[in-house]
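Line by line, the protein sequences give chains A and B.
-1 is the number of the first residue of the first sequence in this note's numbering; add one for each residue after it.
-1 is the number of the first residue of the second sequence in this note's numbering; add one for each residue after it.
Where a beta carbon is used, it is the ideal one built from N, C-alpha and C, also for glycine.
Read the structure below first, then the notes.
Number of protein chains: 2
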Amino acid sequence: MNAMKSRFTVVLVRPEHPANIGFVARNMKNTGFGQLKLVGVSGIEEESYRTAVHARDILGSARFYDRLTDATADLEVVFAATSKKRKSYSRLPFEDAVEKMVHFSDSMRVGLLFGNERTGLTSEELKYSNYRFGIPQATEQPSYNLAAAVLITLFCIYTRLQHLPDGFELERPLTQDEQRDTIRIILSKLEEKGFIHKTNKKHTTEMICDLFGRLCMTKKDRRLLLALFSKGIDL
Amino acid sequence: MNAMKSRFTVVLVRPEHPANIGFVARNMKNTGFGQLKLVGVSGIEEESYRTAVHARDILGSARFYDRLTDATADLEVVFAATSKKRKSYSRLPFEDAVEKMVHFSDSMRVGLLFGNERTGLTSEELKYSNYRFGIPQATEQPSYNLAAAVLITLFCIYTRLQHLPDGFELERPLTQDEQRDTIRIILSKLEEKGFIHKTNKKHTTEMICDLFGRLCMTKKDRRLLLALFSKGIDL
């Protein structure tokens, strides 16, 4: 069970309230997860240790990043929680997202991204994910608070892992860094060809990130994609 | 959906931290539940309103009780969350408890009891429940915090209700007051007959409460039980 859950890393992006970081750590401990990355936070404050209760070790081994791109670089699959529908980004239904999360192999590095308490994840931040998911809720407003969103996600992964049959695993993708690099190449080819231009750039870029992000690209996929976009496809 | 969830009342027993009461209200709002009872709390403090965010209306309509027996009197089925195994009280696995919760009819009054942050529900407080349930967790310590335990329970009820086929309902039990009254009669009969005596009183009383509590006694059950215990059974 521990091996199964060590594949997961919780990534909090620009969390604002130290109390929430502690609550997240406690929720991680309760559900058996241990790896925490913090983006835009330079250290752990006393208030976080206070709300973490018996989960201070998780705060003690948390890693800090200035930029999301560095926090996700070594991960292989990234899921981003977002309560809002986005124009350019697709979202998986929650249960489908959980199914995907638990079906990657134990040795895979899976990131779970949660955004700032007020803003959630920005469009720009969603680029660093393969999949987006929403958590079912009864009301439009308010959205779940940060620790609540993390808790529901981890609890569902935890209980789903306990009921999982053996021997079914999804194929191993490239690291996020390699996946993004491939998408960058595709984007620049599309610009060269004039498919992406000044007026459609933001929206089209996001849609391309969404589309090819969802592939969770393997080495083989990359080879094919690069061949397609450099040699060819007449757009 | 709203009708389906109006059957549920969250009962917080001796909550200590006003912030937690607010978090519970927000979690209730997110998952679509509205009725809150507070035992051992005389009013809502500013701190609770602060953490409730958009769920202040739930705090505004919360009801207050000095005694758990009064808070549960008009309910028909009561489930109590407890992280600890108890000598005298059985516990349902979490998923079974959720199945039961969602299968009572819409018009039924179902209480969900959550104890004090440090102590949980005492043995004495568990008497006021038909069923006990634990929430799966990966570590023995710490247990889920109060708002987290409420959130997981409500989220699972909420998502389960959405997938429920129509037309299956459990039979309507007596009110808690009537159920407890029946158990009290049984207990006094057992004392008369010497089955319960000074040295076994606490433990046996709790086991009887557990056993007959789990029946979720209907009118018909009570008639039979009272007949059995007054006319007869040769203990």
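- Val100 (chain B) and Ala23 (chain B) have their alpha carbons spaced roughly 21 Å apart.
- Restricting attention to alpha helix (DSSP H) runs no shorter than 4 residues, the segment 146 to 177 of chain A encloses none.
- Among the bridge pairs identified by DSSP, Tyr63 (chain B) is matched with B:Val37.
- Shown in chain order are the members of the segment 45 to 62 of chain A whose Cβ falls below 8 Å from a Cβ of chain B: Val51, His52 and Ala53.
- One thing to note: Phe62 (chain A) has its Cβ no nearer than 8 Å to the Cβ of Ser127 (chain A).
- Looking at A:Val9, A:Met205, A:Gly132 and A:Ile184, the one whose alpha-carbon comes closest to that of Asp72 (chain A) is A:Val9.
- Per DSSP, reduced to three states, the secondary structure at Tyr47 (chain A) is helical.
- Using a C-beta cut-off of 8 Å, the segment 79 to 86 of chain B makes contact with the segment 108 to 126 of chain B, since at least three inter-stretch Cβ pairs fall below that distance.
- Contact between the segment 173 to 192 of chain A and the segment 13 to 30 of chain A is absent, with fewer than three C-beta pairs closer than 8 Å.
- Judged by DSSP in its simplified three-state form, Asn114 (chain A) adopts strand.
- With a cutoff of 8 Å on beta-carbon distance, Pro140 (chain A) and Thr157 (chain B) are scored as not near each other.
- Of the residues B:Ser59, B:Leu144, B:Leu152 and B:His201, the one whose Cα lies closest to the Cα of Gly109 (chain B) is B:Leu152.
- Remark: C-beta atoms of Arg5 (chain B) and Asp104 (chain B) approach each other more closely than 8 Å.
- Look at the segment 59 to 103 of chain A and you find these whole runs of beta strand (DSSP E), each 3 residues long or longer: 61 to 63 and 75 to 79.
- Beta-bridge partners of Arg107 (chain B) (DSSP): none assigned.
- Between Glu115 (chain B) and His15 (chain B), the beta carbon gap of about 6 Å places them in contact (Cβ cut-off 8 Å).
- Look at Phe6 (chain A) here: in three-state DSSP terms it is strand.
- Ile150 (chain B) belongs to the set of residues whose beta carbon lies under 8 Å from a beta carbon in chain A.
- Rounded to the nearest angstrom, the Cβ distance from Phe131 (chain B) to Leu90 (chain B) is 5 Å, consistent with a contact under 8 Å.
- Two segments are said to touch when three or more pairs of C-beta atoms, one from each, lie closer than 8 Å; by this definition the segment 26 to 36 of chain A touches the segment 49 to 57 of chain A.
- With 16 or more other CB atoms across the displayed protein chains lying within 10 angstroms of its CB, Thr70 (chain B) is buried.
- Judged by beta-carbon spacing, Val11 (chain B) lies beyond the 8 Å limit of Gly41 (chain B), meaning their Cβ atoms are not closer than that value.
- Arg107 (chain A) has a beta carbon lying at 8 Å or more from every beta carbon in chain B.
- Of the candidates B:Lys82, B:Val51 and B:Phe102, the residue whose Cα lies closest to the Cα of Val75 (chain B) is B:Phe102.
- Annotation for Leu149 (chain B): Asn25 place their beta carbon closer than 6 Å to its own, counting only its chain and skipping 5 residues before and after.
- Only buried fits Asp208 (chain B), as 16 or more other CB atoms lie within 10 angstroms of its CB.
- Within 8 Å of the CB of Lys27 (chain B), the CB atoms of chain A belong to Ala136, Thr137 and Pro140, in sequence order along the chain.
- With distances taken between CA atoms, Lys82 (chain A) lies nearest to A:Phe112 out of A:Phe112, A:Leu226, A:His195 and A:Glu43.
- Arg212 (chain A) and Lys27 (chain B) have their C-alpha atoms some 32 Å from each other.
- Beta-bridge analysis with DSSP links Val11 (chain B) to B:Val37.
- Distance from the CA atom of His52 (chain B) to the CA atom of Ile181 (chain A), rounded to whole angstroms, is 40 Å.
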